[in-house]
Amino acid sequence: MQIRRGQPATLRCYFQDIGAQESIRWRSKEGLLTSGLIVYKHPSNLEVQKPTQHDWNLIIKKVDDTFAGEYTCETSNGKVIARYLLEIVEAPRIIPERSSTFHEEFQEGSKPELKCYFSGVPTPTVRWYRGLRDAVDTRITGEILVCRTLLATRLTLTFAEGENDVGSLNYTIACK
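Residues 1 to 176, numbered by full-length UniProt numbering, are exactly what the sequence shown covers, in order.
This is the structure we're talking about:
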């Protein structure tokens with residue numbers, strides 16, 4: 001199950017044959033999280049909701065990296081009812097301190113390198129384009145673009161696109 005960082009998550013558990021002395025529990029890598037409606041860990045961010053008599057849904061109000069991992073819904077005698085693997089995903093974001101600035105100036109005849117680094121989960125792929133309107137795909141991928149020899153009279157607009165399963169983001173660099 002993939003959830004974006006900062007969003008809520010609902011892990012559903014449905015069990016009909018619960019005995020009078022049994023309760024439903026949620027476990028994670030941290031151990032026992034809940035028993036019945038009682039929350040033992042992260043009480044400000046976790047709750048158990050019972051929309052019906054047989055549902056025991058674990059609600060994570062705001063997902064962050066600490067909540068990544070396996071979750072198990074089980075009876076108090078250890079019978080596993082449901083299992084989830086929670087993966088925290090994030091759309092691409094530019095890492096400005098590692099990337100070229102919005103406007104780069106290079107010496108005539110030089111072969112400049114443009115750098116564009118993105119963070120995100122899964123790791124974004126970076127693809128380079130030339131121009132803004134009717135952009136031309138350079139078919140170059142990776143965080144570093146080595147430009148051909150620059151002419152002093154030419155202003156080149158280039159952008160990098162960081163893309164993963166969650167989304168995409170463009171970063172424009174003007175070169176002169």
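All C-beta atoms, glycine included, are put in the ideal place defined by N, C-alpha and C.
How would you write the range of the beta strand (DSSP E) that ARG72 sits in, first residue to last?
In the sequence shown, counting from the first residue as 1, residue 72 sits at position 72. Reading off the sequence, residue 72 comes out as Thr, not Arg. It spans 69-75 - the beta strand (DSSP E) in which THR72 sits, taken as one unbroken run.
In chain order, what residues of the same chain have a beta carbon less than 8 Å from the beta carbon of THR153, not counting five sequence neighbours either side?
To locate residue 153, count along the sequence shown from 1; it is residue 153. Confidence at THR153 is low in this model, with a pLDDT of 47, below 50, so its placement is unreliable and no value can be given for it.
What residue range does the beta strand (DSSP E) around ASP165 cover?
The residue given as residue 165 occupies position 165 in the sequence shown. ASP165 -> no beta strand (DSSP E), and no H or E assigned at all.
Let me check one thing: in DSSP terms, what residues is PHE118 bridge-paired to?
Stepping through the sequence shown from its first residue, residue 118 is reached at position 118. In DSSP, PHE118 forms a bridge with ILE94.
With a threshold of 8 Å between beta carbons, is SER119 in contact with chain D?
As a matter of chain content, chain D is missing from the structure shown, which is built from one protein chain.
Kindly list the residues whose CB is nearer than 6 Å to the CB of GLY167, restricted to its own chain and excluding five residues on each side of it in sequence; keep chain order.
By one-based count along the sequence shown, residue 167 stands at place 167. If we look at GLY167 and ignore the five residues flanking it on each side, its Cβ neighbours are ALA91.
CA-CA distance, TYR171 and THR10?
By one-based count along the sequence shown, residue 171 stands at place 171. By one-based count along the sequence shown, residue 10 stands at place 10. Using only the alpha carbons, I get a separation of about 34 Å.
THR66 by DSSP, collapsed to three states: which one?
Stepping through the sequence shown from its first residue, residue 66 is reached at position 66. Residue state, collapsed to three classes: helix.
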